[in-house]
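J.: Quick one: this structure, given as structure tokens, is what I'll be asking you about.
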Ligand SMILES: N[C@@H](Cc1ccc(O)cc1)C(=O)O
Ligand SMILES: NC(=[NH2+])NCCC[C@H](N)C(=O)O
């Protein structure tokens with residue numbers, strides 16, 4: 001079908017589900033630590049240990065600034081099992097599922113002018129692409145390892161292009177240390193102090209702050225887009241989006257709803273209903289969204305998650321199960337580990353499809369992050385007026 005995806009809830013017809021093949025390690029370097037700074041932190045009284053276990057082994061240290069943190073094969077195998085379960089659940093609901101190309105075992109690193117980084121597979125496909133209506137926009141990544149991640153999706157994008165989609169790549173950053181706005185990580189964070197960020201090193205390719213931004217920072221509501229902006233990098237990208245989409249979509253900036261991605265803070269389940277992490281979030285939303293009903297899930301509990309070892313790197317907060325995927329305004333894919341959330345959604349009239357997804361905290365994403373909805377029934381509606 002033609003690319004058509006304007007919102008987060010209307011009946012889903014086609015979706016891309018990410019791939020974890022050959023996920024063997026994380027590489028800790030400046031861009032990685034900056035991106036995950038509030039999740040790989042710890043060591044603070046205001047955070048309970050189970051929320052943010054501190055990285056004790058295998059990580060970056062004074063003597064080894066670029067640490068490689070291996071991922072245990074057992075987790076990857078279980079993740080692959082769960083990914084097939086997600087694909088099966090979507091297929092059973094009548095959704096056509098596309099997959100990216102797999103990362104092959106030989107592809108070790110990506111090289112740019114001033115740096116190289118080890119490649120990770122295209123798992124959180126929500127992050128580096130924004131679909132707005134009939135347009136694919138590849139966003140300029142924030143993590144070096146993910147620099148060319150959208151190329152794993154080229155065969156999928158090419159097919160939509162052949163059927164008439166617009167296909168745009170946002171300006172690519174040189175992404176030297178000097179490109180990053182470090183102020184957010186240094187000054188504030190949603191949850192308190194964070195992992196220290198290494199001192200930026202100069203290179204001959206420094207051009208100053210550049211646009212860096214993920215598609216997952218956008219909440220799509222028909223002709224209105226809510227965009228989370230936390231850094232000068234995001235601000236530049238949002239300026240670009242505003243100019244590029246002028247006359248077609250309206251952009252509403254929200255300020256520091258999270259450090260980057262919006263989809264473990266607020267999701268739109270149907271016109272008039274948002275799923276949010278906390279009730280206080282209402283005040284940060286654009287005025288016209290403040291009258292929508294808020295569903296606030298019960299606080300996550302320790303027993304919702306597998307327990308991990310000290311050397312397992314945890315990339316998300318425990319609120320990650322808020323990251324559900326709507327298959328229609330009535331039907332939502334929810335992690336089967338969250339019976340309280342399921343009951344709450346049922347109380348609000350939703351049909352819940354429980355799906356197993358064990359290691360979302362290790363791999364940085366729930367159902368919304370792992371998917372990119374390319375075809376939904378909804379159009380360029382005005383839901384805010
Ligand atoms: N702390 C961040 C960073 C993060 C982003 C994407 C991930 O997949 C994992 C973690 C979270 O919102 O928003
Ligand atoms: N699209 C995504 N990858 N979203 C993931 C957001 C995770 C968020 N940092 C959390 O810890 O809850």
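In full-length UniProt numbering, the protein residues as written are 1 to 385. Cβ coordinates follow ideal geometry from the N, Cα and C atoms, glycine included.
Give me, in chain order, the residues of the same chain whose beta-carbon lies closer than 7 angstroms to that of residue 375; leave out the 5 immediate sequence neighbours on both sides.
T.: 1, 3, 4, 5, 13 and 14
J.: Kindly confirm or deny that the region 336-346 and the region 307-320 touch, where touching means at least three C-beta pairs closer than 8 angstroms.
T.: no
J.: Hey, would you say the C-beta of residue 259 is under 8 angstroms away from at least one heavy atom of ligand 1?
T.: yes
J.: Considering only the alpha carbon of each residue, which of 367, 238, 257 and 23 lies closest to residue 109?
T.: 23
J.: Got a sec? Which residues, its chain only, sit under 6 angstroms from residue 248 by beta carbon, not counting five neighbours each side?
T.: none
J.: Is residue 319 near ligand 2, with its Cβ less than 8 angstroms from a heavy atom?
T.: yes
J.: Verify the contact flag: residue 315, CB atom, against every heavy atom of ligand 2, threshold strictly below 8 angstroms.
T.: Residue 315 has its Cβ nearer than 8 angstroms to a heavy atom of ligand 2.
J.: Decide if residue 168 is buried, meaning its Cβ has at least 16 other Cβ atoms within 10 Å, or exposed.
T.: exposed
J.: Tell me which residues share the same chain as residue 11 and place their Cβ nearer than 7 angstroms to its Cβ, disregarding the 5 neighbours each side in the sequence.
T.: Cβ within range, chain order: 328, 376 and 377.
J.: Is residue 145 buried or exposed, if buried means 16 or more other CB atoms sit within 10 Å of its CB?
T.: buried
J.: Quick check on the DSSP output: what are the complete beta strand (DSSP E) runs of length 3 or more inside the region 4-40, in order along the chain?
T.: 12-17 and 25-28
J.: Is the region 330-340 touching the region 284-295 in the sense that three or more CB pairs, one from each, lie closer than 8 angstroms?
T.: no
J.: List the residues that DSSP assigns as beta-bridge partners of residue 268.
T.: Its beta-bridge partners are 274.
J.: Relative to the C-alpha of residue 100, which residue among 370, 380, 37 and 381 is closest?
T.: For residue 100, the nearest C-alpha among the options comes from 370.
J.: Determine, using beta-carbon pairs with one atom in the region 86-99 and one in the region 225-235, whether at least three such pairs fall under 8 angstroms.
T.: no
J.: Just curious, the beta strand (DSSP E) that residue 77 is in, first and last residue?
T.: From DSSP, residue 77 is part of no beta strand (DSSP E) but of the alpha helix (DSSP H) over 73-92.
J.: In the DSSP output, what is residue 131 paired with across the bridge?
T.: 136
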